[in-house]
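Take a look at the structure below.
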Amino acid sequence: MTNYISVLEGLLFVAGDDGISLEEASYILELERSAVRQLLDELKKRLEDENSGLELLLTASHYKLVTKASLKPYIEKYAVSPYSSQLSQASLETLAIIAYKQPVTRVDIESIRGVQSSGSIQKLLLRDLIEEAGRLETPGRPKLYKTTAYFMDYFGLESLDALPDASDLFDLDSEEANQLFRDNHDLFEELEMRSKEHHEVEEEKE
Numbered sequence: 183m184t185n186y187i188s189v190l191e192g193l194l195f196v197a198g199d200d201g202i203s204l205e206e207a208s209y210i211l212e213l214e215r216s217a218v219r220q221l222l223d224e225l226k227k228r229l230e231d232e233n234s235g236l237e238l239l240l241t242a243s244h245y246k247l248v249t250k251a252s253l254k255p256y257i258e259k260y261a262v263s264p265y266s267s268q269l270s271q272a273s274l275e276t277l278a279i280i281a282y283k284q285p286v287t288r289v290d291i292e293s294i295r296g297v298q299s300s301g302s303i304q305k306l307l308l309r310d311l312i313e314e315a316g317r318l319e320t321p322g323r324p325k326l327y328k329t330t331a332y333f334m335d336y337f338g339l340e341s342l343d344a345l346p347d348a349s350d351l352f353d354l355d356s357e358e359a360n361q362l363f364r365d366n367h368d369l370f371e372e373l374e375m376r377s378k379e380h381h382e383v384e385e386e387k388e
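Okay, so the sequence shown: first residue is 183 according to the numbering used here, each after it adds one.
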């Protein structure tokens, strides 16, 4: 027997900050909207347990999982922690796609990377390297993301034109292009190297 609450929780996790509408959940689960609404209510009650760090939020007709307000100090501490100061490969890949393709949706990012990217997007938002740039006027109105002014400072860039050339990386729309992207680590290493060099120069000035 299918545990629809677990499935729904998994869908909400994958949907990330975009969330999922009642209509989408109903279509995917193949259940009536009233049944899905009841499942959402049950999930909301389950997450209200003090042992859960998440809560179910309804915004603009979309449901999404968010961390509880009581965790804010820890989330903020994590964002500036020395253990998370260096961007991971996944975060660099996600950031590079946003930098070159902005404004871009989460679905577009995942179609290029070939893997779920909501976690990387959340981390980049926390680090203030990217920000929301409105919504795409298509069904579901997914959020668009772009880089921030801090992104330019972080990597020591005067403009986006100063980014390493990546024309070969985004010209293809096939599985071959996706594989090329995953295999091309030099681009992201160069981005991170720019960041380290920039910060070293700034420290010497102080």
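Ideal Cβ placement from N, Cα and C applies to all residues, glycine included. Here the structure is a predicted model, which is why all the values come from computation and not from measurement.
Beta-carbon proximity list for residue i, same chain, < 6 Å, skipping 5 on both sides
i: Tyr332; result: Asp310
i: Ser208; result: Arg215 and Val218
i: His367; result: Confidence at His367 is low in this model, with a pLDDT of 47, below 50, so the placement of that residue is unreliable and no value is reported for it.
i: Val297; result: none
Own chain, CB closer than 8 Å to residue i, minus 5 neighbours either side, in chain order
i: Thr450; result: No answer is possible for residue 450: the residues shown for the chain start at 183 and end at 388.
i: Ile187; result: Leu221, Glu224, Leu225 and Arg228
i: Gly235; result: Thr249, Lys250 and Leu253
i: Tyr410; result: The structure shown has nothing for residue 410, since the chain only spans 183 to 388.
i: Asp290; result: Ile279 and Lys283
i: Arg288; result: Gly198, Asp199, Asp200, Ser299, Ser300, Ile303, Pro324, Lys325 and Tyr327
i: Ile257; result: Thr249 and Leu308
i: Glu358; result: Any answer about Glu358 is weak, because its pLDDT of 43 lies below 50 and its placement is not dependable; what the coordinates show is given next. Correct list: empty, nothing qualifies.
First and last residue of the uninterrupted alpha helix (DSSP H) at residue i
i: Ala207; result: Leu204 to Leu211
i: Leu326; result: First-last for Leu326: Lys325 to Thr329, but that is the beta strand (DSSP E), not the alpha helix (DSSP H).
i: Gly338; result: Here Gly338 belongs to no alpha helix (DSSP H), and DSSP marks it neither H nor E.
i: Arg470; result: Absent from the model: residue 470. The displayed extent of the chain is 183 to 388, so no value can be given.
i: Gly322; result: Per DSSP, Gly322 belongs to no alpha helix (DSSP H) and is neither H nor E.
i: Ala197; result: Tyr186 to Ala197
i: Ala344; result: First-last for Ala344: undefined, no H or E at that position.
i: Arg215; result: Arg215 to Leu229
i: Gln304; result: Ser300 to Leu308
Where the beta strand (DSSP E) through residue i begins and ends
i: Gly235; result: No beta strand (DSSP E) holds Gly235; DSSP gives it neither H nor E.
i: Gly316; result: Ile312 to Arg317
Beta-carbon proximity of residue i to residue j, cut-off 7 Å
i: Lys250; j: Glu230; result: no
i: Thr276; j: Ser299; result: yes
i: Ser302; j: Ser273; result: yes
i: Leu239; j: Val248; result: yes
Sequence-distant residues of its chain with Cβ nearer than 7 Å to residue i (five each side left out)
i: Leu193; result: Ile202, Ala207 and Ile210
i: Val286; result: Ile279, Ile280, Leu326 and Tyr327
i: Ser356; result: At Ser356 the pLDDT is 39, less than 50, meaning the model places this residue with poor confidence; the figure from the coordinates comes in the next sentence. Here the set comprises nothing.
Closer than 6 Å: residue i CB and nearest the ligand PLP heavy atom
i: Lys250; result: Only the bare structure without any ligand can be found here, which leaves the ligand PLP out of the picture.
Problem - Validate contact between the segment 310-326 and the segment 199-208 using beta carbons, cut 8 Å, 3 pairs - result: The answer is yes - the segment 199-208 touches the segment 310-326, with three or more Cβ pairs under 8 Å.
Practice task
Scan the segment 243-281 and note each continuous beta strand (DSSP E) run of 3 residues or more that stays entirely inside, going in chain order.
Solution key: 244-249
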